[in-house]
Amino acid sequence: MDDVNCQGSESSLMQCSFRRWKQHNCGHSKDAAAQCTVKLRLINGPNPCSGRVEVLYNNEWGTVCDDGWDRNDANVVCRELGCGNVISAPGSAFYGQGNGPIMLDDVNCQGYESSLMLCSFRGWKQHNCGHSKDAWTNNDG
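In short: position in the sequence shown from 1, add 9, done, that's our numbering.
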């Protein structure tokens with residue numbers, strides 16, 4: 010890839026504009042790199058490994074919409090937080106509605122990812138839901 014241009018709301022590098030595949034005017038001395046820090050937390054649960062899923066993005070905490078939220082998504086959160094195995098993953102703001110922005114929607118994990126950020130999602134702060142649909146997870150950790 011060469012001449013990659015992202016706006017910042019894309020959930021995948023493939024959604025950014027770039028030259029056609031294998032068309033470039035540079036060598037490996039110009040290979041791109043990135044280091045990302047996205048933090049997760051579980052809020053309002055009965056223990057540190059259960060609660061509403063929240064994500065820190067650009068120094069702002071926000072919630073995750075439960076559209077499509079399932080055990081695969083919750084398993085990734087559990088693994089990322091070191092919280093053992095998922096017990097349940099229903100939505101509908103079981104541990105209370107959040108406030109502030111809804112950061113993620115339409116999260117789709119296969120279940121083996123090491124980070125929620127490796128799963129597909131609609132795009133940062135792009136959603137079609139309200140806080141009544143905040144995702145949560147309950148883990149055995």
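Ideal placement from N, C-alpha and C gives every residue a C-beta, glycine not left out.
Nothing here was measured: the structure is a model prediction, and the numbers come from that model.
For Asn-84, no beta strand (DSSP E) segment is defined; the enclosing uninterrupted segment is the alpha helix (DSSP H) at 80 to 90. Comparing alpha-carbon positions, the option among Gln-24, Val-73, Tyr-66 lying closest to Asp-115 turns out to be Val-73. Contact annotation, Ala-98 with Ala-83: C-beta distance approximately 3 Å; criterion of less than 8 Å satisfied. By the Cβ neighbour-count rule, Tyr-104 is buried, with 16 or more other Cβ atoms within 10 Å of its own. With contacts defined as CB atoms closer than 8 Å, Lys-39 and Leu-65 fail to qualify as a contacting pair. Under DSSP, Cys-74 takes part in a beta bridge, and its partners are Asp-143. Look at the stretch 98 to 131 and you find these whole runs of beta strand (DSSP E), each 3 residues long or longer: 111 to 113. In the three-state DSSP reduction, Lys-48 falls in the strand class (E or B). Between Arg-61 and Asn-53, the C-beta spacing is below 8 Å.
The shortest CA-to-CA distance from Gly-100 to any of Gly-17, His-136, Glu-69, Gly-77 is the one to Gly-77. Only exposed fits Asp-12, as fewer than 16 other CB atoms lie within 10 angstroms of its CB. Taking C-beta separations shorter than 7 Å and ignoring five residues to either side along the sequence, the partners of Asp-75 in its chain run Gly-100, Ser-101, Lys-142, Asp-143, Ala-144, following chain order.
Going by C-alpha positions, Cys-15 is about 35 Å away from Gly-93.
Val-95 and Glu-122 do not touch by the CB rule: their CB atoms are close to 13 Å apart, not below 8 Å.
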